[in-house]
Amino acid sequence: MMIRLPLLQSSASRFVLALVCSGSAMPALAGSFTVPPATGQQTVSGSDTGTIDTGATLNTGSSASIVWNGNATTSPGVVITNSGTITSTNRTIDTTGAFTGSFTLNNKVGGKVTSKDDAFRINGPLANGTVIVNNDGTISSQTGQALDFDKATSATATVTIGNTGTISSAGSDAIRLGGGTIGITNSGTIETTSSGKRAIKFDTASNFDTLKSLTITNEAGGVITGTDDAIKISSKTTSTAAPVISITNAGTIQSKSGGQGIDLGDIYSTNATITITNEKTGLITAADNDGIQGTNGVTINNYGTISSYYAAGTADTQNNSAVKVSGDDQGQAITLKVNNYAGALISGAYHGIKATGSDDNLIVTNNGTIEGRNGSGVNSNGTGTLTNYGTISGTFDPAASFGDGDGVDFDHAGTVLNYGTIEGLGSKGIKPGETTPSTSEGIAIGGGVITNGDAAHTSALISGANNGILVDDSNSGDAYAAMSIANYGTIQGLDGYGIRYVNSGVDPTKSLTVTNYGTISGTTYAVQMGNGNDLFVVGAGSKVVGIVDAQGGYDTLSLKTTSGALDFDLGQVGNAATYRHFEEVVTDGSVYLSGTSTFSGTLNMGKSGSFGLNDLYAPDAHFKSEAGSTGPRGIWGHGTIGSLDAVDIIIDPSTGPSNAMGTIAVKGDVSLTDTSYWANINPDGSSDLIKVDGKTTLNGADNRVFVAGQLEWGARYTLLSSAGGISGTFGTLNTYGPAYLFIAPELSYDATHVYLELERNGIAFATYAATPNQRSVAGALERAGIGSTKTSALYTAFVTQSLGDSPSLALSQLSGDLYATLPGQMATENMMVNDLILGRLRQAGYTAAKGAEAALGAGGPARAYADSATPGAQAFKAIKAPEPGPVWTTWAQGYGQWLSTSSNGNAAAADTNLGGLLIGADVSASNWVLGLAAGYSSASTSADAASANTETWRIAAYGGATFDAIKLRAGASYGWSSIDQTRFVALTGESPKASYNGTAGNLFAEAGYTFAFSGVALEPFAGIGWTSVDLGSFIENNAPIAGLASTGSSFDTAYSTLGLRIATSFSASGVVVTPHASAGWRHAFGDVTPQTVLSFINTGTAFGIDGLAIAEDSIVGSVGVDFAFSTGATFSLAYEGMAGDGTSYNAGKATLAVKF
């Protein structure tokens, strides 16, 4: 049913109506209504609506203005829309029972819902019910709550509050909440102005068990203000409820007096999920308490500002943190998560973030700023896990008499991962109950893990006005637990320790591990490690300013590498040095050790470490390795150490920054087991050395020697010396220098030394000799290897040939076989010259011949003056009587020869090119002729990287006689030769040279018989000759290593020739043409192979070699043609050659004779 009063149009009438409606009480009216005209108390249910127009007032005095008195429909349910004023001195809107359905209050802009008691109360559990408050105006109470929904406890209740206006209470809490599902969105003001009251309150503990979710969103510009807590949520101490609570703030949540901005400290359930998100524009603050009091299940995401302050005059008594949890108050451990994002600030008058319970756990991730203005940035009486990329600081308040300014303070073990800045900026006074002044630490902690930076965050800083890091029980006693610290940035104590770990050594589980890749500094002590079994790791880039004191226990200094090698001055280790009281130095990588050290402990390579000695002097240090290598490891470089116990490592004195020959000197004893000794050697005889003053023990056959470099033949290298004696031997020797053909490296021992030298391997030089000459040279070289010439340059060059070299070539080039071949080449030239002189005798003998026989005189030398041809020779001219004799004739003959002799499988093939000239004069009369000749020739001979140039002057006497058809011819000659010879020896890179002289004598004779038929003349002939070549002594120069010497050599042989000459003449166009040819078999008698004995000037050993043999049987021949012109001029062309037994020569001549 709807009751509607007449609408009055004038404002005066409406004002009168308002006065009337606000006069005396009116009976309650049920159903939908509109004010005006409705007046009096309105009761609603079902889907009733109520509207209070702008300027209208619904005032019922001491009774509720609107009463929800029955179930409402689910949708839309009861809807009250207020644009005017609803007021009462009691409750303005109230319920009379446990109803269900939906109730909506829309309080428009300018609308007011005011009361002396609650402005709006739900007085039932609201099972399956919904209450919606949309406030754009004012909802206020003088003594009660503006919104009191505390009795709406049903888990199925739904309460939604949207506020852009003002919800306030002057005498109590602004909003009280019940159970179910609750959502509050505020962009206006929710506040209480009453002392000790809250803006939003959920503190009926039993309601928490029926709470499903609570979402509070304070938008930008929204203000939630309490004089006590701005927001308070509680539960029973036994609650196990699991509601989801979300508080998001982009405006201001504040307590103006003694409460928290947000107080969740009385939530005991550990199953709740609670998230507080403070946006970039958000501020959560308290004037005299904690900004946020947290509890279990809380995650705080801060993008804005969370802060706390204290009341004037309470600087010494306040303990107001920006964020706090108090497990000791709850009697249970609390875990709190705080994420402080870039640009965000958490600032506490006491601590920035605080956990008071000894079992509490803080999980903090910071990218912004966290500060404690009279305490720590982050402080836990229990434990914590902190990841910091921003700035965390603690300092003291000048207004307080005591302030303990630590960046981070965890009383128990915790984890701190710092990639930004954590700093304690200072402290003041003495903490109550203590007797010594407080100190300011970057981090004060009971143990656990601290990582300061990483490879990408080397600017990470932990800094304390006193100590960088202090690890104790929070009261200067032994640390709570073991501690591990990794530093990539800077840890500094500005007036104290960089790191101090307090440990009396009573508890063996407590120890300190520090891994440093950055800088740790303190005024006197960079690190004080306590009396446990501690470890300090020196990484690449590690720097300490001050002393690192390991104190008591068994302490280890680890030299760690991440990539490449670490350089470390071992002089920093010793009881009066930088690193003090360490018992052992270890490494798992490669470390170069330098300096002078008094360290008397152990340097342990472990299973994968290596120590390089860079001129280290540590005469008291014991070096060792452990069995079971997991990677390459060893000791290398040069320096002095105390003793060495090596198992399964590499020892290499050469490797190091200088990579030069080195010595590892050991003052005490050495024990090697399954060890590889890498030794570098130089041809100058220098080598790596292990020099031991004590005793050396070589354990087992698995000790190996590896040698790199080229060993010097004849040198003995000392690889190990041990004044106290050597026990055992090395098992194997491996070399990485040249692989030699005739020698091999071998180890040898005496009582105190291990030597390395090259020894002959039993392979004879003659193994590579392919010819008798090479075998002869090989024998001479073998003999040179005995006695003092063992280290001669020549023997050394040959014996040190390696795989890939050619000993056969070396033997051949060393032999100098051209010295033996050359006499045969000269003898062959002599035979040709002998034939030339016989040709002149033949020419002279047929001068007076008649008919066809005259043609046999063709092909001779050119004559400057000679008899005219006989009539027989002038076939087509009139016969003229011969001139009267005797007749004098001078002649000249130029000649050239190309002699080639193939290798005979011993000496190298040879080629000789020569040219010469003979000039003669003779006299003939009747049937005889006598003459003399002289000549010069130059010959060039080459054979397998060797050559000789020979110049020869010779004289000859000859004569002949004709007895009808029988022709007799004979002669003798003698020559003097000057020889320049050179060769190349690849083995030594030398080009030996020799200049020496020689002589040659020749005797020769020939008989022929002439006949003719059919115009052709024939002369069968038989000849015999003897030639002798004598070469002088010489010593090669330009070759001190491969040079040869000779006392001289000789070669002579006799030979015979049987052959036939043929010639004829005819006339053609007035020219007399005389073709002629000859062929013969020549046989050499006796010694046809020239031989010589040579000796090496470097060693004095001699050897005999054979040269190329002259042809024992050969064919000699000639062919030519003469042209006689009517003018008296004669032109001749002729070829002569020889071939036999691998030897051949070719000679040609052309002759032009002109009479004038």
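Per the numbering used here, residue -9 is the first one in the sequence shown, and the count goes up by one each step.
Glycine included, each C-beta is placed from N, C-alpha and C at the ideal position.
All of these numbers come straight from a predicted model, not from anything done at the bench.
Annotation for residue 184: 159, 160, 161, 162, 217 place their beta carbon closer than 7 Å to its own, counting only its chain and skipping 5 residues before and after. Within the segment 755 to 805, the runs of alpha helix (DSSP H) at least 4 residues long that lie entirely inside it are, in chain order, 762 to 774, 783 to 789, 797 to 805.
Residue 400 is bridged by DSSP to 370, 435.
When C-beta atoms of the segment 384 to 402 are compared with those of the segment 460 to 474, three or more pairs fall below 8 Å, so the two segments count as touching. The three-state reading of DSSP puts residue 1007 in strand, counting E and B together. Residue 822 sits in a helix when the DSSP states are folded into three classes. Ranked by Cα distance from residue 627, the options 640, 636, 713, 902 are led by 640. A direct Cα-to-Cα measurement between residue 1138 and residue 915 gives close to 31 Å. Between the segment 141 to 148 and the segment 196 to 214 there are three or more inter-stretch CB-CB distances shorter than 8 Å, so the stretches are counted as touching. Of the other Cβ atoms in all chains shown, fewer than 16 fall within 10 Å of the Cβ of residue 966; this residue is therefore exposed.
Contact between residue 151 and residue 134 fails: their C-beta atoms lie close to 17 Å from each other, not under 8 Å. The three-state reading of DSSP puts residue 639 in coil, since its state is none of H, G, I, E or B. Nearest to residue 116 by alpha-carbon distance, out of 171, 76, 70, 125, is 171. Boundaries around residue 317 are those of the alpha helix (DSSP H), 317 to 320, since no beta strand (DSSP E) includes it.
With 16 or more other Cβ atoms from the protein chains shown falling within 10 Å of its own Cβ, residue 169 counts as buried.
The DSSP assignment places complete beta strand (DSSP E) segments of no fewer than 3 residues inside the segment 1018 to 1091 at 1034 to 1036, 1039 to 1054, 1056 to 1058, 1061 to 1075, 1081 to 1086, in order along the chain. By the neighbour-count criterion, in which 16 or more other beta carbons inside 10 Å mark a residue as buried, residue 777 falls on the exposed side.
The C-alpha of residue 270 is placed about 17 Å away from the C-alpha of residue 381. Residue 1128 sits in a strand when the DSSP states are folded into three classes. With respect to residue 972, residue 981 sits close: the two C-beta atoms are nearer than 9 Å. Non-local C-beta neighbours of residue 978 in its own chain, meaning closer than 8 Å and more than five positions away in sequence, comprise 783, 784, 787, 1029, 1031, 1032, ordered along the chain.
Here residue 493 is buried. Its C-beta has 16 or more other C-beta atoms within 10 Å. Put simply, the backbone Cα of residue 356 is about 27 Å away from that of residue 486. The C-alpha of residue 899 lies about 16 Å from the C-alpha of residue 1078. Within the same chain, 899 come within 7 Å of residue 893 by CB-CB distance, once the 5 residues on both sides are set aside.
Excluding its 5 nearest sequence neighbours in each direction, residue 43 has C-beta neighbours in its own chain below 8 Å: 24, 25, 26, 73, 74, listed in chain order.
The residues 455, in chain order, have a CB closer than 6 Å to that of residue 484 in the same chain once the five nearest residues on each side in sequence are set aside. With a cut-off of 8 Å on Cβ pairs, the segment 414 to 427 is not in contact with the segment 444 to 451, counting fewer than three such pairs. Take residue 311, set aside five residues on each side of it, and the residues of its chain with a beta-carbon closer than 8 Å to its own are 280, 281, 298, 338, 339, 340, 341, 342, 343, 344, 362, 365, 369, in chain order.
Within 10 angstroms of the beta-carbon of residue 655 lie 16 or more other beta-carbons, which makes it buried. The beta carbons of residue 392 and residue 306 sit about 7 Å from each other, so the pair counts as a contact at 8 Å.
Here residue 707 carries a strand assignment [DSSP, helix/strand/coil]. Taking the CA atoms as reference points, residue 690 sits about 9 Å from residue 662. Look at the segment 900 to 984 and you find no whole run of alpha helix (DSSP H) that is 4 residues long or longer.
For the pair residue 568 and residue 481, the Cα-to-Cα distance works out to about 17 Å. According to DSSP, residue pairing for residue 130 in a beta bridge involves 104, 158.
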